Amino acid sequence: MNNFTFYNPTKLIFGKGTISSLATEIPSGKRILITFGGGSVKGNGVYDQVKEALKHHTYFEFWGIEPNPSVETLREAIKLGKEKNCDFVLAVGGGSVVDGSKLVAAGIIYSGDPWEIILKRDYTMSKTLPLAAVITLPATGSEMNRGAVISNKATKEKFAFYSDYPVFSILDPETTYTLPQFQVACGLADTFVHVIEQYLTTPGQSPLMDRWAEGILKTIVEIAPKIKKNQSDYDTMSTFMLSATMALNGFISMGVSQDWATHMIGHELTALHGLTHAHTLTIILPGTMRILKDEKRDKILQYGNRIFGIDESNPDKAIELTIRKTEELFISMGFKIKLSENNIGEETISEISKRFKERNFKLGENRSVDWKVAAEILKSVL
Ligand code: NZQ
Ligand code: ZN
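Right, here's the structure in full:
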């Protein structure tokens, strides 16, 4: 096991009716900037609950943080926050609203252009306003981590940066009943791949982390078909919501190496083609597994056996079966998992490998995924 420091200060407030706790969780006297997406919160009662809870607070609303939040939109939110002297940011919506709001919370007290914050990558903590979240889409884990992924429309780039943790996050599973089926599939797939990025790496580092990770993977495999049949079952949606948070809040990555190559390649597909984040992962992950099957051999065998019950004595066959099971899982969720099915071809592969070469990217737990290996991964999923 590697050395590690674990720190996660986000207070999690979970369950039915908990949005009302905003009234007491945000100190009175704060000037709150409330940030929203495109309006889904008006259709499911979340907006009304937020307004009711904050009726004695001073707040200002910013609408329109889009999926894959862009720095162009966030500059507008920062402008409003500065004009109104806001000293607290409340994000209400999916991962994009929470991610975008992390930049807003940092940008309101930053004098330069917010894109500079992104380019710093690891933004010094406590240089941001306090941020809290009411999350309505289980997927990113943004409600309990310090990551955010921001797009730049002008340059067609999409980069992650690290800021501060939300002070608290409210997770009411009833808010997820209105999610479109495609977003549910995306949330399940994103959660699954977050776990894989921290699990399908170096073998033997921590049996405890392995079991925690496998617990989430198995849970996703189990609940995916149930949710497809009934998206309004409180307990199943609660399990989904907590799985997404636990997949990317640091609890399963203590002392183990991490990969993230699939995510980094996926971000390029979103930046260049606008493909939804989780969809890109369902395309790339099978390719990462095939191309890196020697490096990841022991872990793929363990994953295949423990998650899909694969009991095949020939390791090469077991690995191929495991990759196929993973593909079938994504297809059963409704994804088209080949680049060509999504009208993406060789030119995109050249562009992504060119970008990786320029940035001198070396990804994966062994830093073996450079621009050449990234191109191989992409070619394998054409
Ligand atoms: O904008 P509104 O109208 O609110 O609609 C949203 C949006 O259109 C809708 N939605 C959200 N909750 C809903 C709902 N519709 C009905 N009922 C509800 N309860 O869903 C659509 C997608 O929302 P979005 O926030 O974009 O989805 P998601 O939560 O999957 O976030 C994706 C973004 O997170 C980043 C991705 O790259 C992408 O930009 N990620 C952030 C991470 C992090 N911070 O740690 C890690 C992830 O790997 C990921 O990269
Ligand atoms: Zn993700």
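In our numbering, each residue's number is its place in the sequence shown (first place is 1) plus 34.
All residues carry an ideal CB built from backbone N, CA and C; glycine is no exception.
Just so you know, these numbers come straight off a predicted model, no measurement behind them.
Check whether residue i and residue j have beta carbons under 7 Å apart
{"i": "residue 258", "j": "residue 286", "result": "no"}
{"i": "residue 114", "j": "residue 88", "result": "no"}
{"i": "residue 325", "j": "residue 381", "result": "no"}
{"i": "residue 182", "j": "residue 228", "result": "no"}
{"i": "residue 187", "j": "residue 110", "result": "no"}
{"i": "residue 78", "j": "residue 273", "result": "no"}
{"i": "residue 289", "j": "residue 35", "result": "yes"}
{"i": "residue 299", "j": "residue 408", "result": "yes"}
{"i": "residue 144", "j": "residue 195", "result": "no"}
{"i": "residue 123", "j": "residue 67", "result": "yes"}
{"i": "residue 261", "j": "residue 168", "result": "no"}
{"i": "residue 365", "j": "residue 356", "result": "no"}
{"i": "residue 64", "j": "residue 147", "result": "no"}
{"i": "residue 92", "j": "residue 200", "result": "no"}
{"i": "residue 284", "j": "residue 42", "result": "yes"}
{"i": "residue 413", "j": "residue 404", "result": "no"}
{"i": "residue 353", "j": "residue 378", "result": "no"}
{"i": "residue 374", "j": "residue 416", "result": "yes"}
Residue i Cβ short of 6 Å to the ligand SAH heavy atom set
{"i": "residue 198", "result": "Summarising the ligand content, the structure contains the ligand NZQ and the ligand ZN and does not contain the ligand SAH."}
Buried versus exposed call for residue i [16 or more other C-beta atoms within 10 Å across all chains shown]
{"i": "residue 215", "result": "exposed"}
{"i": "residue 328", "result": "exposed"}
{"i": "residue 362", "result": "exposed"}
{"i": "residue 165", "result": "buried"}
{"i": "residue 38", "result": "exposed"}
{"i": "residue 311", "result": "buried"}
{"i": "residue 198", "result": "buried"}
{"i": "residue 180", "result": "buried"}
{"i": "residue 226", "result": "buried"}
{"i": "residue 193", "result": "buried"}
{"i": "residue 58", "result": "exposed"}
{"i": "residue 203", "result": "buried"}
{"i": "residue 136", "result": "buried"}
{"i": "residue 302", "result": "buried"}
{"i": "residue 108", "result": "buried"}
{"i": "residue 22", "result": "Since the displayed the chain opens at 35 and closes at 416, residue 22 lies outside it and no answer follows."}
{"i": "residue 277", "result": "buried"}
{"i": "residue 264", "result": "exposed"}
{"i": "residue 293", "result": "buried"}
8 Å contact criterion, which residue i and residue j should meet: CB distance rounded
{"i": "residue 406", "j": "residue 341", "result": "Contact doesn't hold; Cβ gap of about 30 Å is too wide."}
{"i": "residue 171", "j": "residue 129", "result": "6 Å"}
{"i": "residue 138", "j": "residue 112", "result": "6 Å"}
{"i": "residue 178", "j": "residue 315", "result": "20 Å between Cβ atoms; not a contact."}
{"i": "residue 322", "j": "residue 295", "result": "6 Å"}
{"i": "residue 320", "j": "residue 360", "result": "6 Å"}
Cβ neighbours of residue i in the same chain (closer than 8 Å, five flanking residues each side left out)
{"i": "residue 191", "result": "185 and 305"}
{"i": "residue 155", "result": "193, 194, 195 and 196"}
{"i": "residue 336", "result": "237 and 244"}
{"i": "residue 223", "result": "312, 313, 315, 316, 364, 367 and 369"}
{"i": "residue 268", "result": "50, 207 and 208"}
{"i": "residue 349", "result": "331 and 335"}
Contact set for residue i: own chain, Cβ-Cβ below 7 Å, skip 5 residues either direction
{"i": "residue 313", "result": "220 and 369"}
{"i": "residue 424", "result": "Past the edges of the chain, shown from 35 to 416, lies residue 424, and the structure says nothing about it."}
{"i": "residue 275", "result": "172, 205, 207 and 210"}
{"i": "residue 140", "result": "151, 157, 161, 162 and 197"}
{"i": "residue 217", "result": "171"}
{"i": "residue 149", "result": "105 and 186"}
{"i": "residue 230", "result": "319"}
{"i": "residue 402", "result": "329"}
{"i": "residue 125", "result": "69, 131, 132, 135, 165 and 167"}
Sequence-distant residues of the same chain with beta carbon closer than 6 Å to residue i, five excluded per side
{"i": "residue 291", "result": "235, 236 and 399"}
{"i": "residue 116", "result": "142"}
{"i": "residue 242", "result": "none"}
{"i": "residue 174", "result": "129"}
{"i": "residue 48", "result": "205"}
{"i": "residue 240", "result": "35, 289 and 290"}
{"i": "residue 332", "result": "237"}
ask   = Below 8 Å, can you find three or more Cβ-Cβ pairs linking the segment 384-398 to the segment 340-356?
value = no
inquiry  = Any contact between the segment 227-241 and the segment 255-269? By contact I mean 3 or more CB pairs, one from each, below 8 Å.
reply    = no
key: Three-pair Cβ contact test at 8 Å for the segment 367-376 versus the segment 386-399   = Taking a contact to require three or more Cβ pairs closer than 8 Å, the segment 367-376 and the segment 386-399 do not qualify as touching.
ask   = With contact counted as at least three CB pairs below 8 Å, one residue from each stretch, are the segment 69-85 and the segment 96-113 in contact?
value = yes
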